Amino acid sequence: MSGSPLLASVAEQIALPARTWTASGTHTAKGYTSATAEVTSVEGMRADCDNVNLNKKLAADFRGDVFGAGMKGFFYRCENVGADTNEYWFTVSSADQGQIDQLCDPTTVYPIVRDVQHDTYWVDEPFACASRVGPS
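Residues 1 to 136 (our numbering) make up the sequence shown, in order.
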């Protein structure tokens with residue numbers, strides 16, 4: 001992070017390890033009004049896309065329920081690509097290569113999760129990793 005005080009500060013605040021594995025790509029998610037995942041949360045999906053596009057989203061402990069501790073997620077673009085689907089552009093880092101391998105594995109299952117901010121229940125679909133980079 002040398003040369004960028006902002007990035008160095010962000011890395012310090014989210015406890016980003018000095019040596020990380022990183023994956024980038026796209027991923028889709030469907031938003032619902034309840035945990036039964038029967039009715040699409042159009043408003044929640046729109047609000048989440050607006051939030052990502054305006055403010056970006058940095059998760060210091062991304063999907064700990066699936067990967068355990070240590071995943072750092074950055075979501076920087078969102079588009080609604082269907083009546084019930086948002087597509088997100090992401091970069092995720094971890095000191096644990098196994099976590100990145102699991103993220104990029106199309107068979108990884110993601111339990112439904114509630115987003116309190118947008119009062120929406122999300123079903124994450126597989127992450128399509130376009131690139132993976134290991135520590136140098």
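Where is the CB? At the ideal position from N, CA and C, for every residue including glycine.
Keep in mind it's a predicted model, so treat the numbers as computed, not measured.
Proximal residues to residue i (C-beta, below 6 Å), its chain only, five neighbours per side dropped
i, result
"residue 58", "74"
"residue 22", "93 and 133"
"residue 131", "24"
Bridge partner(s) assigned by DSSP for residue i
i, result
"residue 118", "Residue 118 is not bridged to any residue."
Buried versus exposed, by CB contacts within 10 Å (16 or more), residue i
i, result
"residue 103", "buried"
"residue 41", "buried"
"residue 1", "With a pLDDT of 47 at residue 1, under the threshold of 50, the predicted position of this residue should be treated as unreliable, though the coordinate-derived value follows. So residue 1 counts as exposed."
"residue 134", "exposed"
"residue 83", "exposed"
"residue 36", "exposed"
"residue 72", "buried"
"residue 116", "exposed"
"residue 31", "buried"
Beta-carbon contacts of residue i that lie in its chain and below 7 Å, excluding the five residues immediately before and after
i, result
"residue 47", "118"
"residue 106", "126"
"residue 20", "93, 94, 95 and 135"
Residue from the options with nearest C-alpha to residue i
i, options, result
"residue 126", "100, 135, 114 and 134", "100"
"residue 45", "130, 131, 7 and 87", "87"
"residue 124", "63, 76 and 95", "63"
"residue 90", "121, 35, 29 and 98", "29"
"residue 77", "16, 51 and 66", "51"
"residue 144", "96, 79 and 61", "Beyond the ends of the chain as shown, which are 1 and 136, falls residue 144; an answer cannot be given."
"residue 38", "120, 130 and 61", "120"
"residue 111", "98, 66 and 129", "66"
"residue 165", "25, 14 and 18", "Because the chain spans 1 through 136 in this model, residue 165 falls outside it and cannot be assessed."
Residue i CB to nearest heavy atom of the ligand ADP below 7 Å
i, result
"residue 28", "No copy of the ligand ADP occurs in the structure displayed, which carries no ligand at all."
Residues of its chain near residue i, where Cβ-Cβ distance is below 8 Å and the 5 sequence neighbours each way are ignored
i, result
"residue 98", "none"
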